[in-house]
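Numbering (the working numbering), first residue to last: 5 to 122. Where a beta carbon is used, it is the ideal one built from N, C-alpha and C, also for glycine. Data block below; observations after.
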Amino acid sequence: EILARMIQQDYIEVYATVHEARNLPQSDNWGLCDAFCVLSINSQSVRTPTVRNNLAPVFDFECHLSISDKSEDLKVEVYDWDMAGDELLGSMTFPCERLEVLGSEQGRVMVARELLEE
């Protein structure tokens, strides 16, 4: 006899779009960068395709992750791919509580201002 129990839990879908990166450092021997991004929440992670030989890569990558609590954080990391090992170029963390606002035009302006201040 097999006893099974299913726990039903409400999940929140987080939809994210990575449009582009700008002003990446020259990481390769040729003065370019092979960039990709990793988006992660808890144990889930999604990787964009690598955009080769570009300091301002356009990803236009869409994905979704499931969370059970809005108190979790979405972490976005930008890497330079290299055969010897990937190099972290930068990262940013977004509290999921703010993502609903960040998806609006007002939110995009807010993020742009924060990035300019860094």
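Presumed contact (8 Å Cβ cut-off) between residue i and residue j, rounded CB distance
i: V18; j: L103; result: 6 Å
i: A39; j: Y83; result: 7 Å
Under 8 Å between C-beta atoms of residue i and residue j
i: R56; j: V42; result: no
i: A60; j: A88; result: no
Distance, residue j Cα to residue i Cα
i: S49; j: D90; result: 16 Å
i: K74; j: F98; result: 11 Å
i: N46; j: G94; result: 19 Å
i: S72; j: C100; result: 11 Å
i: N58; j: L36; result: 6 Å
i: K79; j: P53; result: 17 Å
i: D77; j: M96; result: 10 Å
i: S31; j: V62; result: 17 Å
i: E81; j: W34; result: 23 Å
i: H68; j: R117; result: 25 Å
i: W85; j: L28; result: 13 Å
i: E66; j: D14; result: 22 Å
Bounding residues of the beta strand (DSSP E) (the contiguous stretch that carries residue i)
i: P53; result: Element bounds for P53: n/a, residue is neither H nor E.
i: M96; result: E91 to P99
i: K74; result: That residue, K74, is in no beta strand (DSSP E); it is neither H nor E in DSSP.
i: L43; result: A39 to I45
i: A20; result: I16 to E24
Closer than 8 Å to chain D by CB, residue i
i: M96; result: Annotation note: the requested chain D is absent from the structure, which comprises a single protein chain.
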